[in-house]
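Worksheet: one structure, shown below.
Numbering (UniProt numbering), first residue to last: 1 to 134.
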């Protein structure tokens, strides 16, 4: 059975501004914003992608939304799930909290949409490679 997909997130009208119409932000846009914000946090090695994003990156296309999933809760709130790898030597709770804060702030700044949850899933640890050690 197919899951009901949210078409777009409705952006609120800024305070003091006249409403001229509805502004909708596609879930993909939210995911791209979250993906870029997550990779900017020190200690994050990468976000986890799928086969399709891996193939796209092989052809030179940067996939900013890989490892990011956005959804609408039953109460109508935005929930973001981030699947990422942390660099060895960084405190996971500190890095995860920084990712949550950075994503929440980036989405709020760019879309004026508040997120109710930013869930971080650490899927691995990236160890130093020989190339990095030299």
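Glycine included, C-beta positions come from ideal geometry on N, C-alpha and C.
Residues that residue 85 bridges to, as DSSP identifies them: In the DSSP assignment, residue 85 forms a beta bridge with 46 and 124.
Same chain, Cβ closer than 7 Å to residue 37, neighbours up to 5 away in sequence not counted: Closer than 7 Å at the Cβ level, and outside the excluded window around residue 37, lie 102, 103 and 106.
Assigned exposure category for residue 125 - 16 Cβ within 10 Å defines buried: Label assigned to residue 125: exposed.
Local conformation of residue 109 per DSSP, three classes: When secondary structure is reduced to three states using DSSP, residue 109 falls in the helix class.
Alpha-carbon to alpha-carbon, residue 32 and residue 57: Low per-residue confidence applies at residue 57: pLDDT is 46, beneath 50, and the placement is therefore not dependable, though the value from the model is reported in the following sentence. Going from the Cα of residue 57 to the Cα of residue 32 covers about 15 Å.
Residue 142 vs residue 113 beta-carbon contact at 8 Å: What the structure shows of the chain is the stretch from 1 to 134, and residue 142 is not part of that stretch, so it cannot be assessed.
Which residues DSSP lists as bridging residue 71, in chain order: According to DSSP, residue 71 bridges with 79.
Residue range of the unbroken beta strand (DSSP E) whose run includes residue 176: For the chain, the structure presents residues 1 to 134; residue 176 sits outside this window and is missing.
Nonlocal neighbours in the same chain, by C-beta distance under 8 Å from residue 8, ignoring five residues either side: In its chain, beyond the 5 residues on either side, 24, 25, 26 and 27 have a beta carbon closer than 8 Å to the beta carbon of residue 8.
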